[in-house]
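A quick write-up on the structure given underneath.
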Amino acid sequence: MWQKTVFDSENQKIKFLIKFVAAFWFLTKLWSYKTWIIEREYPVIPPFDFLKQVPADFHLTLFCLSLINLLLVVFFRRKKWMLISLFLLEFFSCALDTVRWQPWQYMYMCMLLLIILNFSKPKNIVFLFHLFLVGMYLFSGLHKLNRDFLYTFWMNTVLQEFFGLSLKNILKFKLFFFGLLIPVIEIGLAVLLLVVKSKRIISYFLIAIHISILIIIGPAGLGYNSVVWFWNLALIFILLILYTSPVKYIGTKLMLKQFYCVVLWFLMPVLSFFGLWYQYFSFNLYSGKGYQMYVCVNKNVDGLKPYLEPVLGRFCKDKPYFILQNWAMAEIKSAPLPEFEIYKKISNEIKKKYGDKSVRVFLYNTRTKKTEEL
Numbered sequence: 003m004w005q006k007t008v009f010d011s012e013n014q015k016i017k018f019l020i021k022f023v024a025a026f027w028f029l030t031k032l033w034s035y036k037t038w039i040i041e042r043e044y045p046v047i048p049p050f051d052f053l054k055q056v057p058a059d060f061h062l063t064l065f066c067l068s069l070i071n072l073l074l075v076v077f078f079r080r081k082k083w084m085l086i087s088l089f090l091l092e093f094f095s096c097a098l099d100t101v102r103w104q105p106w107q108y109m110y111m112c113m114l115l116l117i118i119l120n121f122s123k124p125k126n127i128v129f130l131f132h133l134f135l136v137g138m139y140l141f142s143g144l145h146k147l148n149r150d151f152l153y154t155f156w157m158n159t160v161l162q163e164f165f166g167l168s169l170k171n172i173l174k175f176k177l178f179f180f181g182l183l184i185p186v187i188e189i190g191l192a193v194l195l196l197v198v199k200s201k202r203i204i205s206y207f208l209i210a211i212h213i214s215i216l217i218i219i220g221p222a223g224l225g226y227n228s229v230v231w232f233w234n235l236a237l238i239f240i241l242l243i244l245y246t247s248p249v250k251y252i253g254t255k256l257m258l259k260q261f262y263c264v265v266l267w268f269l270m271p272v273l274s275f276f277g278l279w280y281q282y283f284s285f286n287l288y289s290g291k292g293y294q295m296y297v298c299v300n301k302n303v304d305g306l307k308p309y310l311e312p313v314l315g316r317f318c319k320d321k322p323y324f325i326l327q328n329w330a331m332a333e334i335k336s337a338p339l340p341e342f343e344i345y346k347k348i349s350n351e352i353k354k355k356y357g358d359k360s361v362r363v364f365l366y367n368t369r370t371k372k373t374e375e376l
């Protein structure tokens, strides 16, 4: 039985959802500020080459205006023009650098667009928020159904780094394949979230997942990928607010008018399994799939010294090197976009900046276990 809460009406839900989303969006962007400016070592990779000519001041201006706009949304009553201006600022900013196409940025922009397009229809907004979460948890789980997830995240990160278990004990107690429970549970909860009436109970299990993630990679755990700490906190609050009262289906006729949501969150992600759609726009999170870029440094390159790995690796034949993922996390607090064409562009930019004779770039495919030089 549902109890009366401050979030009982759709209008109240939307009011607090917008403010919490804006607050955590603000914190995430502030924490990862180097993602949004170009005065940094990490390459700026726009989707089109002519956008490389956009001056640094324009990037910075968009970033500052976005932060101001987010604060306006947090502290003042929502206005449609305010939300539209925020969406346009984010859109133009993301159009200038592909590293800004982060999964949390995609979620926030989708939610913002839903509110703008259904500004006077709170029931629609609540249901579409719900539908977005179903798609996110469903495909996040599906992408984890692979051996690379078991190796990279479950065994290396959770069992060895977090719990400190040895490989001997992992094999002895047959813990390796227990990791498959994670995607199975995630997929199961997504389906239950869609079909059962008691969505609040399901939301508690999802909240428990986010709390577990924060315990493992948060400041009290491994202290890894700090930018997603805010995202996980945001999702906890979104789940708490959204499912305090029943989510009402908006009807088939109205749902047909929102067909773009089904396309973006349920059809396009299917294409990502065939390399035809972006992984981050398909909720491919911590799946272990994709590429890993290694950059071997042949000469002293001052700008790259802080990002060199502490031990020599097999890819670079005992020469100093860095891993693109670790460089990005350390400097800009954001992960590289896991797409082959983006890695190619990054490789070209690194060689152009530091010289072909100073660096060699290798791309390792975690699925095929093959390495190629770019």
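This note's numbering puts the first residue of the sequence shown at 3, with every later residue one more than the last.
Where a beta carbon is used, it is the ideal one built from N, C-alpha and C, also for glycine.
Taking the continuous alpha helix (DSSP H) assigned at residue i, which residues delimit it?
{"i": "Ile184", "result": "Leu183 to Val197"}
{"i": "Glu92", "result": "Lys82 to Cys96"}
{"i": "Glu343", "result": "Phe342 to Tyr356"}
{"i": "Leu2", "result": "Coverage of the chain is limited to positions 3 through 376, which leaves residue 2 absent and any answer about it impossible."}
{"i": "Val128", "result": "Pro124 to His145"}
{"i": "Gln14", "result": "Glu12 to Trp33"}
{"i": "Trp103", "result": "First-last for Trp103: undefined, no H or E at that position."}
{"i": "Leu216", "result": "Lys201 to Ile219"}
{"i": "Met270", "result": "Met270 to Ser274"}
{"i": "Ile172", "result": "Leu169 to Lys174"}
What does a CB cutoff of less than 6 angstroms around residue i pick up in its chain, not counting 5 residues either side in sequence?
{"i": "Leu19", "result": "Ile243"}
{"i": "Asn286", "result": "His145"}
{"i": "Tyr226", "result": "Ile219"}
{"i": "Phe155", "result": "Tyr288 and Gly290"}
{"i": "Gly305", "result": "Glu43"}
{"i": "Phe239", "result": "Phe22"}
{"i": "Tyr356", "result": "Val303"}
{"i": "Ser274", "result": "Gln281 and Ser284"}
Quick check on residue i: does DSSP put it in helix, strand or coil?
{"i": "Val46", "result": "coil"}
{"i": "Val2", "result": "Within the shown structure, residues of the chain are numbered from 3 to 376, placing residue 2 beyond reach of any answer."}
{"i": "Met3", "result": "Because the pLDDT of Met3 is 45, which lies under 50, any placement of that residue in the model is unreliable, and the number read from its coordinates should be weighed accordingly. Met3 falls in the coil class under three-state DSSP."}
{"i": "Thr63", "result": "helix"}
{"i": "Val229", "result": "helix"}
{"i": "Thr37", "result": "helix"}
{"i": "Ile334", "result": "coil"}
{"i": "Asn158", "result": "helix"}
{"i": "Asn71", "result": "helix"}
{"i": "Asn302", "result": "coil"}
{"i": "Glu311", "result": "coil"}
{"i": "Ser247", "result": "coil"}
{"i": "Gln55", "result": "helix"}
{"i": "Leu1", "result": "This structure gives no information on residue 1, because the portion of the chain shown stretches from 3 to 376."}
{"i": "Ser284", "result": "helix"}
{"i": "Leu278", "result": "coil"}
{"i": "Ile150", "result": "Position check: residue 150 holds Asp in this sequence, whereas Ile was assumed. Looking at Asp150 - three-state DSSP - the assignment turns out to be helix."}
{"i": "Phe78", "result": "coil"}
{"i": "Leu235", "result": "helix"}
{"i": "Leu224", "result": "coil"}
{"i": "Thr370", "result": "coil"}
{"i": "Leu339", "result": "coil"}
{"i": "Leu177", "result": "coil"}
{"i": "Phe165", "result": "coil"}
Near residue i, what residues of its chain come up, given a Cβ to Cβ distance below 8 angstroms and the 5 sequence neighbours on each side ignored?
{"i": "Phe317", "result": "Tyr296, Cys298, Tyr323, Phe364, Tyr366 and Thr373"}
{"i": "Ser95", "result": "Trp38, His61, Leu64, Phe65, Ser68 and Arg102"}
{"i": "Val249", "result": "Val128, Phe129, His132 and Lys201"}
{"i": "Trp231", "result": "Leu216, Ile219, Gly220 and Pro221"}
{"i": "Val75", "result": "Ile20, Lys21, Ala24, Met84, Leu85 and Leu88"}
Grab the span of the beta strand (DSSP E) containing residue i for me, first residue to last.
{"i": "Leu365", "result": "Val361 to Asn367"}
{"i": "Thr373", "result": "Thr373 to Glu375"}
Residues bridged to residue i by DSSP?
{"i": "Ser325", "result": "At residue 325 the sequence reads Ile, which differs from the Ser that was named. In the DSSP output, where bridge partners are listed per residue, Ile325 has Tyr296."}
Taking only heavy atoms of the ligand ADP into account, decide whether any of them is closer than 8 angstroms to the Cβ of residue i.
{"i": "Lys123", "result": "Within the structure as shown, the ligand ADP is missing, as the structure has no ligands at all."}
Please list, in chain order, all residues of the same chain as residue i whose beta carbon is under 7 angstroms from its beta carbon, the five residues on each side excluded.
{"i": "Met3", "result": "Only weak support exists for where Met3 lies, its pLDDT of 45 falling under 50; the value from the coordinates is given anyway. Cβ within range, chain order: n/a, list empty."}
{"i": "Trp329", "result": "Tyr44 and Tyr309"}
{"i": "Leu115", "result": "Phe89"}
{"i": "Leu235", "result": "Phe26"}
{"i": "Asp99", "result": "Val46, Ile47 and Pro48"}
Check whether the Cβ of residue i lies closer than 9 angstroms to any Cβ atom in chain C.
{"i": "Ser214", "result": "Within the model displayed, chain C is absent; a lone protein chain is all it includes."}
Checklist entry - Is the segment 335-350 touching the segment 299-310, taking contact as three or more C-beta pairs under 8 angstroms? => result no
Item to check | At least 3 beta-carbon pairs within less than 8 angstroms: the segment 161-171 vs the segment 105-122 | outcome: no
Next on the checklist: Taking contact to mean 3 or more Cβ pairs, one atom from each stretch, closer than 8 angstroms, check whether the segment 140-155 and the segment 175-183 are in contact.
Outcome noted: yes
Checklist entry - Does the segment 79-87 touch the segment 43-54, meaning 3 or more C-beta pairs lie closer than 8 angstroms? => result Per the Cβ contact rule, the segment 43-54 is not in contact with the segment 79-87 (fewer than 3 Cβ pairs under 8 angstroms).
Checklist entry - Just checking, does the segment 169-177 make contact with the segment 271-282 on the three C-beta pairs under 8 angstroms criterion? => result Pairwise C-beta distances place the segment 169-177 out of contact with the segment 271-282, as fewer than three of them are shorter than 8 angstroms.
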